[in-house]
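Chains as they are written, first to last, in this note's numbering: chain A, 1 to 574; chain B, 575 to 760.
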Amino acid sequence: MIVQALIDQGVDTVFGYPGGAVLPIYDEVFQQNSIKHILVRHEQGAVHAAEGYARSTGKPGVVLVTSGPGATNAVTGLTDALLDSIPIVVLTGQVPTFMIGSDAFQEADTVGITRPCTKHNWLVKETDKLAGVLHEAFHVATSGRPGPVLVDIPKDVQFATGTYVPKTPSASRYQPQVKGDLEEITELVALMENAKRPLFYTGGGVINSGPGASQLLRELVEATGFPITSTLMGLGAYPASGDKWLGMLGMHGLYEANMAMHDCDLMINIGARFDDRITGTIPEFSPKSKKAHIDIDPSSINKVIRIDVPIVGDVGHVLEDLLKIWKSRGRKTNSAAVENWWTKIKEWRAIDCLKAEQKGKVIRPQYALQRLEALSKDHDRYITTEVGQHQMWAAQYLGFEEPNRWMTSGGLGTMGYGFPASIGVQMAHPESLVINVAGEASWLMNMQEMGTAVQYNLPVKQFILNNERLGMVRQWQELLHGERYSQSWSEALPDFVKLAEAFGAKGILCDDPAKLDDCIQEMLDHDGPVIFDCLVEKHENCFPMIPSGKAHNEMLLGEAETQGVIDAKGSVMV
Amino acid sequence: MSALKLKKGATSHSAYNLRPTFSDVIERHTLAVLVENEPGVLARVIGLFSGRGYNIDSLTVAEVDHTGHLSRITIVTSGKPQIIEQIKAQLGRIVSVQDVHDLTVEGPSVERELAIFKVIGKGDQRVEALRLADIFRANVVDSTLESFVFEITGAPEKVDAFADLMRPLGLADVARTGVAALSRGA
Numbered sequence: 001m002i003v004q005a006l007i008d009q010g011v012d013t014v015f016g017y018p019g020g021a022v023l024p025i026y027d028e029v030f031q032q033n034s035i036k037h038i039l040v041r042h043e044q045g046a047v048h049a050a051e052g053y054a055r056s057t058g059k060p061g062v063v064l065v066t067s068g069p070g071a072t073n074a075v076t077g078l079t080d081a082l083l084d085s086i087p088i089v090v091l092t093g094q095v096p097t098f099m100i101g102s103d104a105f106q107e108a109d110t111v112g113i114t115r116p117c118t119k120h121n122w123l124v125k126e127t128d129k130l131a132g133v134l135h136e137a138f139h140v141a142t143s144g145r146p147g148p149v150l151v152d153i154p155k156d157v158q159f160a161t162g163t164y165v166p167k168t169p170s171a172s173r174y175q176p177q178v179k180g181d182l183e184e185i186t187e188l189v190a191l192m193e194n195a196k197r198p199l200f201y202t203g204g205g206v207i208n209s210g211p212g213a214s215q216l217l218r219e220l221v222e223a224t225g226f227p228i229t230s231t232l233m234g235l236g237a238y239p240a241s242g243d244k245w246l247g248m249l250g251m252h253g254l255y256e257a258n259m260a261m262h263d264c265d266l267m268i269n270i271g272a273r274f275d276d277r278i279t280g281t282i283p284e285f286s287p288k289s290k291k292a293h294i295d296i297d298p299s300s301i302n303k304v305i306r307i308d309v310p311i312v313g314d315v316g317h318v319l320e321d322l323l324k325i326w327k328s329r330g331r332k333t334n335s336a337a338v339e340n341w342w343t344k345i346k347e348w349r350a351i352d353c354l355k356a357e358q359k360g361k362v363i364r365p366q367y368a369l370q371r372l373e374a375l376s377k378d379h380d381r382y383i384t385t386e387v388g389q390h391q392m393w394a395a396q397y398l399g400f401e402e403p404n405r406w407m408t409s410g411g412l413g414t415m416g417y418g419f420p421a422s423i424g425v426q427m428a429h430p431e432s433l434v435i436n437v438a439g440e441a442s443w444l445m446n447m448q449e450m451g452t453a454v455q456y457n458l459p460v461k462q463f464i465l466n467n468e469r470l471g472m473v474r475q476w477q478e479l480l481h482g483e484r485y486s487q488s489w490s491e492a493l494p495d496f497v498k499l500a501e502a503f504g505a506k507g508i509l510c511d512d513p514a515k516l517d518d519c520i521q522e523m524l525d526h527d528g529p530v531i532f533d534c535l536v537e538k539h540e541n542c543f544p545m546i547p548s549g550k551a552h553n554e555m556l557l558g559e560a561e562t563q564g565v566i567d568a569k570g571s572v573m574v
Numbered sequence: 575m576s577a578l579k580l581k582k583g584a585t586s587h588s589a590y591n592l593r594p595t596f597s598d599v600i601e602r603h604t605l606a607v608l609v610e611n612e613p614g615v616l617a618r619v620i621g622l623f624s625g626r627g628y629n630i631d632s633l634t635v636a637e638v639d640h641t642g643h644l645s646r647i648t649i650v651t652s653g654k655p656q657i658i659e660q661i662k663a664q665l666g667r668i669v670s671v672q673d674v675h676d677l678t679v680e681g682p683s684v685e686r687e688l689a690i691f692k693v694i695g696k697g698d699q700r701v702e703a704l705r706l707a708d709i710f711r712a713n714v715v716d717s718t719l720e721s722f723v724f725e726i727t728g729a730p731e732k733v734d735a736f737a738d739l740m741r742p743l744g745l746a747d748v749a750r751t752g753v754a755a756l757s758r759g760a
C-alpha cells in the first residue's frame with residue numbers, strides 16, 4: 001500500500017536505509033520496479049540527498065528510514081529542510097502499536113522529536129488511514145510554503161492489510177492562499193511608478209514557486225529596468241549574466257548590492273524573509289525605503305522588518321497580477337530618476353569588491369573558483385555546497401543562469417549537507433555535471449556517502465578547497481577573539497587521493513596555480529566520482545563582510561579594514 | 575463561526591493584521607484557536623510558544639465539536655503588538671489549526687474562568703468568608719467545621735479580587751481553569 005501511494009504521487013526515487021521496524025516496507029520495495037531505492041550510508045545523508053533531489057527538480061524528495069536511531073539521524077536534515085522550505089516526505093518505521101511507550105528496542109518518540117523540525121507529522125495507528133495520510137503528507141509538503149513532513153508507521157500497521165484510497169486532489173482541508181490581494185498589488189504598482197531608487201530583493205520563494213515565477217521575474221526586471229539582488233537561496237532566479245543583476249546581498253554579499261539595499265527608496269521583497277544574514281543591524285536596515293513584501297507565509301511579513309505593503313500569496317501568482325496591473329496602467333516608471341540611481345550603482349560596482357588576483361605559488365580559493373567557473377560554466381551544471389567560507393566564495397564567484405541549479409544549506413548552515421545533496425541532484429539529473437564545492441572539514445562530516453556515490457556510479461565531483469582549517473570559524477576568531485584559534489584546525493587530515501582510491505573512486509590533488517586548469521579539466525573529463533583536493537591559502541578571509549552589529553553601508557572590503565571593527569554588542573551575535 | 579470583519583491588510587485565512595502598529599507597549603490578548611482534535615495538537619501549540627519565547631498567561635482546551643473533531647484552545651498571551659501579530663501568524667501556520675481569532679481586537683467578547691478556593695478558619699473569619707462569598711456569588715461546594723470550598727465563576731479580574739479578599743481569611747488552596755472566551759453578539 002505504501003509503495004502504491006508513492007507511485008501514485010509520482011515518486012521515482014527514494015533515499016533510505018533499512019532496519020528492523022521498516023522491513024515490511026523494504027520487502028515491498030524489493031518486489032517492484034517502479035521506484036528506485038538509493039541506499040545511503042547514514043540517514044542524515046538520505047535526507048540531504050532528498051533535499052538535493054527536491055531543490056533541483058521542484059518535486060518532493062522522499063526518504064525511508066527505520067525507527068529510533070534511523071529517525072533521530074534524520075533530524076538534522078529535517079531541520080535543514082524546514083529552514084530552507086524544501087519539500088521532503090520522510091517515512092519512518094516505528095515499533096508495533098502495542099509496544100509504543102514501553103521503551104522497546106529502537107523505540108523513540110519520533111513524532112515528538114520531529115514536531116518542531118517538520119511542517120507537520122503523523123503517527124498512523126490504523127492501516128485504513130495510511131493511504132489517506134500519505135497523500136495528505138505529499139499535499140502538505142508541497143502546498144503553500146513547502147517544507148518537510150514525516151509519517152511514522154508502526155510495524156504492525158505495515159504488516160496489516162487495509163483499504164487503499166487513491167489520491168484525490170481536493171480532499172485536504174489545508175489550502176493556503178496563493179492569490180495576492182489586488183488592492184495591495186495596485187498599491188505596490190503605484191509605488192513602483194514613482195520610485196526614484198527602486199530595488200528588487202528576491203529569495204528562495206521565487207525558486208520554490210517554480211520556473212514560471214523566475215520567468216515572470218525576468219520579464220518584470222527587464223520591463224521596469226530596476227536593479228535586482230538576491231539572497232543566497234534565490235540565486236539563479238534572475239540570471240547572473242543579466243545587466244540588472246547586482247549580485248548576492250547580505251553578510252558576504254557584494255558591495256553594490258548592500259549599498260543599494262541601504263540607499264534605496266523602494267524595496268520590493270519577493271519571496272525572501274529578512275534573515276539576519278541579510279539585514280545586519282535592524283535599526284539601521286535600509287532606513288530610507290518603503291518596503292513591500294510578497295510572501296506565501298503571513299508569518300514572514302513583519303516578523304523582523306516593518307512592511308509598508310504586505311502581499312500574502314504565491315510569488316508566481318502575485319508577479320503575474322503585478323505585471324498585468326503595471327502594464328494596464330501604462331508601464332510607467334520614474335525613468336529619469338532610475339537612470340540617476342543606476343549611475344550611483346555603477347560607481348559602487350566600479351569598486352570591484354570581488355577582485356582577487358592570484359599571486360605567488362599558493363592557490364587562492366577565490367582563484368580556484370574563478371577557474372572552476374570558467375571551465376565548467378558551459379556545461380549543463382548543478383552546484384551544491386557545504387557550509388563556510390567556500391560556500392560564500394562559491395556564491396560570489398560562480399554564476400547561475402537558471403533556477404534550481406544551486407543547492408546550499410542557507411538557513412540552518414549544515415556542514416555535511418553538500419556531498420549527500422550532490423548525490424540526490426545527480427540521481428535526478430544523471431547526464432548533468434554535478435559539483436559539490438566543499439571545505440575539507442564540512443566534507444568529512446558526511447564522507448561515508450562516497451560508498452553511495454561509487455555503488456550507483458554517480459559521477460559527482462567533490463571540489464574540496466582544503467585550507468586545513470575551519471575557515472569561517474578561524475576568520476571569526478581572527479576578527480573577534482584576538483586571533484586565538486581555538487580548535488579551528490585539523491591536525492590529522494586524510495590523504496584525499498588515497499581516500500578516493502580506497503572507495504574505488506578517482507582522487508586528484510592540486511597545489512600549484514599553474515596546474516589548476518589542467519587538474520580541473522581532468523576532473524570534469526572523468527566519468528565517475530572524483531575527490532578533488534585543492535590545497536589553498538590557509539589564512540584567506542572571506543570579503544566583503546558586514547561585521548556583526550553593523551549596517552549595510554559599514555562593509556569591510558579587505559584585510560586592511562578589519563582592526564577593532566566589531567564592538568562588544570556585535571560580538572554576542574552569531 | 576461568525577464572519578470575520580477583515581481589516582485592510584488582513585487575509586481571508588484568519589484574523590491576521592498585516593499592518594500592526596510597532597509600539598513598545600505590552601498588550602494582553604485573548605486568542606481563540608480552533609484546532610483539529612488529533613493527538614499531539616496541544617503539544618504543537620504549546621511547543622510554538624516555548625520554542626519561540628512567547629508568553630502564555632493562561633490556556634484552556636477542550637473538544638467543542640465532536641462530529642467535526644474540533645477543539646477550542648483559548649490562550650491569554652501578552653506582548654508587543656508586533657509579537658501578538660507574529661503569534662497569530664505562527665499559530666495560523668500550524669497545519670492542524672483551522673482558525674485563529676483575536677477576541678481582544680475582533681469586537682466585544684465575554685471571558686469567564688472557574689476557580690475553586692479552599693479557605694480554612696474558625697469563628698469570625700469563617701463568617702466573613704461566607705459573607706464575602708455571598709457578595710461574589712461564589713457557591714459553597716464543600717464544608718467542614720473548619721473549612722469551606724468555594725466555587726466562583728467570572729472574569730479573571732473578579733476571581734483575582736475574590737482571591738485577594740480570601741487570603742487574610744485563611745485561603746489554603748486554589749485551582750483555576752484559565753480563561754474561556756467567546757465573542758459577543760450573533
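Just so you know, even glycine gets a beta-carbon here, dropped at the ideal spot from N, CA and C. Everything numeric in this text was worked out from a predicted model, so none of it was measured.
Beta-carbon contacts of residue i that lie in its chain and below 6 angstroms, excluding the five residues immediately before and after
| i | result |
| --- | --- |
| LEU580(B) | The pLDDT assigned to LEU580(B) is 39, lower than 50, so where the model puts this residue is not dependable; a value taken from the coordinates is nonetheless given after this. Once the five neighbours on either side are set aside, LEU580(B) has no close Cβ partner at all. |
| GLY45(A) | PRO420, ASN446 and GLU449 |
| LEU83(A) | GLY411 and LEU412 |
| THR585(B) | At THR585(B), the pLDDT of 45 sits below 50, so the modelled position is not reliable; the number obtained from the coordinates is stated separately. No residues qualify anywhere along the chain. |
Close-in-space but distant-in-sequence residues of the same chain around residue i (CB under 7 angstroms, 5 per side omitted)
| i | result |
| --- | --- |
| GLY583(B) | The pLDDT assigned to GLY583(B) is 45, lower than 50, so where the model puts this residue is not dependable; a value taken from the coordinates is nonetheless given after this. Around GLY583(B): ASN591, LEU592 and ARG593. |
| ALA5(A) | ALA131, LEU134 and HIS135 |
| ASN33(A) | none |
| ILE520(A) | ARG371, LEU372 and LEU375 |
Beta bridge counterpart(s) of residue i as assigned by DSSP
| i | result |
| --- | --- |
| ASN269(A) | TYR201(A) and HIS293(A) |
| THR385(A) | VAL437(A) |
| HIS120(A) | VAL149(A) |
| LEU493(A) | Bridge partners of LEU493(A): none, in fact. |
| ARG469(A) | TRP489(A) |
| PHE724(B) | PHE691(B) and VAL714(B) |
Residue j beta carbon less than 8 angstroms from that of residue i
| i | j | result |
| --- | --- | --- |
| THR202(A) | ALA237(A) | yes |
| THR718(B) | HIS603(B) | no |
| LEU704(B) | PHE722(B) | yes |
| GLY210(A) | GLY144(A) | no |
| VAL62(A) | VAL111(A) | no |
| GLU579(A) | GLY70(A) | A question about residue 579(A) goes unanswered here, because the residues of chain A that appear run from 1 up to 574. |
| LEU756(B) | SER683(B) | yes |
| PRO544(A) | CYS264(A) | no |
Endpoints, beta strand (DSSP E) assigned at residue i
| i | result |
| --- | --- |
| PRO154(A) | 148-154 |
| THR13(A) | 13-16 |
| PHE463(A) | 461-466 |
| SER230(A) | 228-230 |
| CYS510(A) | 506-510 |
| TRP245(A) | 245-248 |
| CYS534(A) | 530-535 |
Own chain, CB closer than 8 angstroms to residue i, minus 5 neighbours either side, in chain order
| i | result |
| --- | --- |
| ILE2(A) | ILE25, GLU28, LEU91, LEU130, LEU134, ILE153 and GLN158 |
| CYS516(A) | The amino acid occupying residue 516(A) in the given sequence is Leu; Cys does not appear at that position. Excluding positions up to five away in sequence, the list reads ILE363, TYR367, ALA368, ARG371, CYS510 and CYS534. |
| HIS587(B) | Bear in mind that the predicted position of HIS587(B) carries a pLDDT of just 42, short of 50, making it unreliable; the figure below should be weighed with that in mind. Result list for HIS587(B): GLY666, in chain order. |
| SER525(B) | Because chain B is modelled from 575 through 760, residue 525(B) falls outside the range shown and cannot be assessed. |
Continuous alpha helix (DSSP H) stretch holding residue i: start and end
| i | result |
| --- | --- |
| LYS692(B) | Unbroken run through LYS692(B) is the beta strand (DSSP E), 683-694; no alpha helix (DSSP H). |
| LEU375(A) | 365-376 |
| GLU659(B) | 655-667 |
| GLY418(A) | 418-428 |
| HIS135(A) | 127-142 |
| GLY697(B) | 697-709 |
Nearest neighbour of residue i, chosen from the options [CA to CA]
| i | options | result |
| --- | --- | --- |
| ASP567(A) | LEU556(A), SER548(A) and ASN553(A) | SER548(A) |
| ASP527(A) | MET545(A), LYS506(A) and PHE543(A) | LYS506(A) |
| HIS552(A) | LYS36(A), HIS262(A), ILE325(A) and ASN33(A) | HIS262(A) |
| GLU612(B) | VAL95(A), VAL22(A), LYS59(A) and VAL124(A) | VAL124(A) |
| LEU254(A) | TYR53(A), GLN9(A), SER34(A) and ILE345(A) | ILE345(A) |
| THR648(B) | GLY642(B), GLU659(B), ALA737(B) and SER632(B) | SER632(B) |
| TRP406(A) | GLY180(A), ALA240(A), GLN475(A) and VAL89(A) | ALA240(A) |
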